[in-house]
Each structure stands twice: as structure tokens, then as C-alpha cells.
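87 is the number of the first residue of the sequence shown in the working numbering; add one for each residue after it. Working notes for the structure below.
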Amino acid sequence: MDIDSTTQIFAVNYYPPCPDPESEIGLPPHTDPGLMTFLLQNGVDGLEIQHEGKWFPVDMIPGTIFVNTADHIEIVSNGKYKSVWHRSVVNGKKRITLVMGNGPSPDTSAEPAAPLLRHDPAKYAPMNYME
Ligand SMILES: O=C(O)CCC(=O)C(=O)O
Ligand SMILES: [Fe+2]
């Protein structure tokens, strides 16, 4: 995969305090495009990741950056690293997150890395960022 030029996405998420967290969702389940996503937060937890069909809260260590594997890593690694399904729940506190997504340029075709195909068939067809 050619990564001479890249796509960087920067997003700020604001989750206001919610009086009824049980019946609301901050951000619905999704995976991120790109290779990896870096996330910082204001000390208030709310991110959850899915593992074997169940949701688990991320107990973020203060002062650290949380790194999520994203869609292109799954393709390039031929499925060895999965793109993590995640969502955000709300609670009674204001929550702010800074999210930085990193990936190849939009027209770059991502495909399973050739050395990984010596013993295994390709599980993904080549596709570009927008697909
Ligand atoms: O704010 C969060 O906890 C997650 C944000 C997120 O997943 C995203 O912006 O893609
Ligand atoms: Fe995300």
C-alpha cells in the first residue's frame, strides 16, 4: 500500500451531561476508516468496545492516548488485526474527546500485504479509502 500521501482526520466530540443515560447513546456502534485512530478525552470515560458480541467499557488511563485499530489495518493484515467495533455511551458528566484518524490518501488502494499471502488466501479485495 502506497502511503506517500495520507489522510488525517481530526474530530472533536462533545457529549453533554445526560439526565437519562440508560435510554440514550452518545455515538452508535461503528468501525473507523483508516489505519489507526488516536483518542484523548477529558478524564470522563464513555468509550466501549465490542468483543465476542459483548460491549466492554474502556477504563482509560489518565494522560494516555487510546489507540484503536481501523478498517485499513484489517485489510492490509489480511484480517490478523481486526477493525474494532466501538461506541460511546453518555453519563451525567460532560465528556469531550479528541479523535485523530490516520490512513492512506483517499484514492490509494489497500490490499492484503503480499508476504501474508504466501500461506493464506486473500480475505479482502483491493479497495480504496472511499469504498
Ligand atoms: O468519543 C468517543 O468515545 C469515540 C469517538 C469515535 O469513535 C469517533 O469519533 O470515531
Ligand atoms: Fe470511532
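Every residue gets a Cβ at the ideal spot worked out from N, C-alpha and C, and that includes glycine. In this text, all values refer to a predicted model and were calculated from it rather than measured experimentally.
- With respect to the C-alpha of Asn177, the residue from Asn99, Cys104, Met87, Ile95 having the closest C-alpha is Cys104.
- Here the distance from the Cβ of Asp106 to the nearest heavy atom of ligand 1 is not below 7 Å.
- Distance from the C-beta of Asp131 to the nearest heavy atom of ligand 2 is not below 7 Å.
- In this structure, the alpha-carbon of Leu113 lies about 12 Å from that of Arg181.
- Looking at Leu133, Met213, Leu203, the one whose alpha-carbon comes closest to that of Ile151 is Leu133.
- Look at Val98 here: in three-state DSSP terms it is strand.
- Pairing Ile95 with Val185, the inter-Cα distance amounts to about 8 Å.
- Relative to the Cα of Pro107, the nearest Cα in the group Ser174, Lys168, His158 belongs to Ser174.
- The beta-carbon distance between Ala199 and Val162, rounded to whole angstroms, is 5 Å. This is short enough to meet the 8 Å contact definition.
- Taking every protein chain shown into account, the CB of Gly129 has fewer than 16 other CB atoms within 10 angstroms, so this residue is exposed.
- Residue state for Glu138 is assigned as coil, using DSSP reduced to three classes.
- Linking Leu121 to Ser109 through their CA atoms gives a straight-line distance of about 32 Å.
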